[in-house]
Amino acid sequence: MGRLFGTDGIRGIAGEYPLDAQTIFACGKALVRVLGRPLRVLVGRDTRESGPWIERLIAAGVCAAGGEVVSAGVFTTPGIAYVVRAHAELNAGVVISASHNPYRDNGIKVFSAQGMKLSDAQEAAIEREIEALVRERVEVREAPSLAVQEDQFATEYLQFLRARGMGEEERPLAGWRIGFDGAHGAAYRLGPRLFEELGARVEAIGIMPDGRNINDGCGSLYPAALQRLVLEQGCDVGIAVDGDADRAVLVARTGELLDGDDALYILATYLQERGRLRGNVVVGTEMTNFGLEQALAQRGITMVRAKVGDRYVLEQLLERGASLGGEPSGHIIVPELSPTGDGLLTALLLVNVMRETGRDLTELRAGFARYPQQVCNVRVREKPPLGTIPGFSRAMAEAQERLRGRGRVLVRYSGTEPVARVMVEADAEELVDEIAGTLADLIRRHLGAT
């Protein structure tokens, strides 16, 4: 049995290992064995058709080992993290989601009582227990009926978002028109409700999940429909989240798309101007655009690069006592508000900057000149060490030599998908395209999935 936990929990195709019935049930039992009894677990899921099945199996495993389960129903990942953190009687949270992946995929993420992802050591201990239970061929028992408290938890979570993102004003967004794309995912009800309660008129798409349309041509990965909506409806801003709403991208009233790098620039400058950017440090990742690093440096802000993955961003934030970090994908973490990326909270923070300054998103990001960048995603059938791919080391050395002083190149495997990512950025678009294409073709030739 290989490593089960990737950078964002356990992922796979629902019904196939490691998301087969035996392994899911074993995972539920393993949580109790590792995290200890009495264990009361809050479970939430996105809108994939396999979600209820996985939820029942996880719950059955937890209960078979002597734990208890409460269901939040369809709920966002950061929402589960918040509710667990806010309720002393809850010891852990489980989210059943594959985030931005297609509907056939699903996953299991586990949060501690503090609303944080488990440590590598805890995940390794759970993996060992799962392996032992699967070897024993433990009987998969029927799931108990679950107490669902979706409405109560939703109200609590929305109150938290409103207080942290907008303060106590009654209807601060009265007169605003906001476009929202819920990706047919976990925030399909929460998102529109949040902004309507704040007084905005909401033009919503991606809010009719059918179990299979999550992330399908919509949401933060596919924002074109939202961009059209913003322009056609004259929205002040557009907000797109992904399937579990732990990330967000925004659309300015001009139709321009803003990603996580733009969000970091806007929030960093806003916090710095108010003396709230601790240490004048921002945490990005290896994928953060070099132009952002330069733009922040011009303002006396240091950017630290973490490994890709919001858990690694959080590690650096806590280690350095910094107040802001994130990824280009739209995962933004403000640790004094939440220890995990939260698409709805990110959107609220950015809209609040617009409201306080009276400036549009395009104006707010004007000081950030992005380097030309290309990311090629190559589907692979296996993930051997990159240096063992014939010709790869030489090609990388040549690329780095050509980019010396002009840009950078990064090649890494995705922690959640069978994909190799080739990222190249430089001061010339032609150079970016050429180097990215060469490296992607080499990987595809030797490892490409059929």
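Using the numbering used here, you'd call the opening residue of the sequence shown number 666 and step up by one each time.
Backbone N, C-alpha and C fix where the C-beta goes; we use that ideal spot for every residue, glycine too.
- By the CB criterion at 8 Å, G844 and L894 fall inside the cutoff.
- About 11 Å separates the CB atoms of I745 and V735; that is not less than 8 Å, and the two are not in contact.
- If the five residues before and after K1048 are omitted, its C-beta is found closer than 7 Å to the C-beta atoms of Y1078, all from its own chain and listed in chain order.
- Within the stretch 848-887, the complete alpha helix (DSSP H) segments of 4 residues or longer fall at 855-862, listed in chain order.
- In the DSSP assignment, N771 falls outside any alpha helix (DSSP H) and lies within the beta strand (DSSP E) extending over 770-776.
- Under the DSSP assignment, I678 falls in the beta strand (DSSP E) whose first and last residues are 674-678.
- The Cβ-Cβ distance between S988 and L936 falls below 8 Å.
- Rounded to the nearest whole angstrom, the C-alpha separation of D881 and G847 is 11 Å.
- In this structure the stretch 1093-1112 touches the stretch 1039-1046; the number of beta carbon pairs closer than 8 Å is three or more.
- Around the beta carbon of D907, 16 or more other beta carbons lie within 10 angstroms, which makes this residue buried.
- Beta bridge pairing from DSSP links C728 with no other residue.
- As computed with DSSP, E733 is found in a beta bridge with R705.
- The DSSP-derived three-state label of L755 is coil.
- In this structure, G850 sits away from L1010, with a CB-CB distance that is not shorter than 8 Å.
- Non-local beta-carbon contacts of G956 in its own chain, meaning distances under 6 Å to residues more than five positions away in sequence, involve A1034, R1035, Y1036 in chain order.
- Taking F1057 as the centre and dropping the five residues before and after it, the same chain places the C-beta of L1051, L1107 closer than 7 Å to its C-beta, in chain order.
- Between A691 and V803, the gap from beta carbon to beta carbon is short of 8 Å.
- One thing to note: I719 has its Cβ within 8 Å of the Cβ of A679.
- The three-state secondary structure of L1075, taken from DSSP, is strand.
- For P717, the closest C-alpha among the options T967, V813, L1013, A797 is that of V813.
- Taken atom to atom, the span from the alpha-carbon of R705 to that of G1070 is near 54 Å.
- Per DSSP, the beta bridge partners of N1042 are R1086.
- Of the residues L1096, V697, F825, the one whose Cα lies closest to the Cα of S1003 is F825.
- One alpha carbon belongs to H996, the other to G990, and they sit about 8 Å apart.
- Apart from the 5 residues on each side of it in sequence, L983 sits with its Cβ closer than 8 Å to the Cβ of P1000 in its chain, given in chain order.
- The three-state reading of DSSP puts F1033 in coil, since its state is none of H, G, I, E or B.
- Boundaries of the alpha helix (DSSP H) around M831: 815-831.
- Bridge pairing for R710: V739, I761 [DSSP].
- Taking a 10 Å sphere around the C-beta of Q981, we find 16 or more other C-beta atoms and assign the residue as buried.
- Short of 7 Å from the beta carbon of A695, and not among the five residues preceding or following it, lie these beta carbons of its own chain, in chain order: I791, E794, I795, L798.
- Spanning the alpha carbons of A828 and E801 requires a straight line of approximately 49 Å.
- In this structure, DSSP gives V999 a state outside helix and strand, which the three-state scheme calls coil.
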